[in-house]
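Student:
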């Protein structure tokens, strides 16, 4: 039987640093994580400059890609990542990303937990992405948590709202509390909000489940209650129900 042997093994030394990696350091001896981001993961901010060479631009005129933050986070060392919903509705999602960073010489060998919070709503997203607000909020929160912990002062692509600085002409901007006025402005989980929408429209869980099975959603067969529905799917269902209700 053939053995699956990787071309190289990843090892960290007694300082928590990866072997075989050339690190850049600041004057205080700490790692300059900004310089550890590969230029291939950095692009010019077209709203600020026409220059295409990122090496000639200041950080304020640059944008860092999600892949770059994932790369540098892996290099730094992550033990776990978790996401918590702060607020959720079909029109607005606020997520919190908590990262447990592996200890290294910068933290005296101690693991460190750090959080970042970000949101996504109809006023700061556009197009197809507006039905995936939870996923967008997750990515934004992750980017913010990584950037702030590693002191990388380049805005992430995911954090930039489309049509920045332009007033939306067709989308009404609402606050989370306004969205939940019928629920005494209390934050709700996606499944709780979906359950409320179903009750308001006299739709049963079984009807939703059967409809998605008819649409070849193989996961729907495994659901036994609303709580089993993935949050992104829950938002899509809510969106479909509300659009149908408005059209009626």
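Numbering (the working numbering), first residue to last: 3 to 250.
Glycine included, every Cβ here is placed at the ideal spot set by N, Cα and C.
#1: Hey, residue 196 and residue 239 are a contact pair by Cβ (cut 8 angstroms); roughly how many whole angstroms apart?
#2: Tell me, to the nearest whole angstrom, how far the beta carbon of residue 192 is from that of residue 90; I am working on the premise that it is less than 8 angstroms.
#3: Apart from the five residues just before and just after residue 38, which ones in its own chain have a Cβ nearer than 8 angstroms to its Cβ?
#4: For residue 69, does the count of other Cβ atoms within 10 angstroms reach 16, so buried, or fall short, so exposed?
#5: Quick one: grab the DSSP three-state call for residue 227.
#6: If you follow the beta strand (DSSP E) that residue 205 is in, where does it begin and where does it stop?
#7: Would the stretch 138-145 count as touching the stretch 115-122 if we require 3 or more Cβ pairs under 8 angstroms?
#8: Nearest CA to the CA of residue 243: which residue from 131, 230, 200 and 226?
#9: With 16 as the cutoff for other CB atoms within 10 Å, does residue 249 come out buried or exposed?
#10: Please confirm if the stretch 11-23 is in contact with the stretch 43-63, defined as three or more CB-CB distances below 8 angstroms between the two stretches.
#11: How about residue 100 and residue 113: are their beta carbons less than 7 angstroms apart?
#12: Thinking residue 57 and residue 47 are a contact (beta carbons under 8 angstroms), I'd like their distance in whole angstroms, please.
#13: Where residue 228 and residue 207 are concerned, what is the direct C-alpha to C-alpha distance, given to the nearest angstrom?
#14: Is residue 115 buried or exposed, if buried means 16 or more other CB atoms sit within 10 Å of its CB?
#15: Report back the beta-carbon spacing between residue 156 and residue 65 to the nearest angstrom; my notes put them in contact at under 8 angstroms.
#16: Answer yes or no: do residue 86 and residue 98 have a C-beta to C-beta separation smaller than 7 angstroms?
#17: So the beta strand (DSSP E) residue 65 belongs to, where does it begin and stop?
Tutor: Let's see:
#1: 6 angstroms
#2: 5 angstroms
#3: If we look at residue 38 and ignore the five residues flanking it on each side, its Cβ neighbours are 25, 26, 74 and 77.
#4: exposed
#5: coil
#6: Residue 205 -> no beta strand (DSSP E), and no H or E assigned at all.
#7: yes
#8: The option with the nearest alpha carbon to residue 243 is 200.
#9: exposed
#10: The stretch 11-23 vs the stretch 43-63: no contact.
#11: Note that the C-beta distance between residue 100 and residue 113 is not below 7 angstroms.
#12: In fact, because the Cβ distance is near 15 angstroms, the residues do not count as touching under 8 angstroms.
#13: For the pair residue 228 and residue 207, the Cα-to-Cα distance works out to about 7 angstroms.
#14: Exposed, since its Cβ has fewer than 16 Cβ neighbours within 10 Å.
#15: 7 angstroms
#16: Yes, the pair counts as a contact, with Cβ atoms nearer than the cut-off.
#17: 64-66
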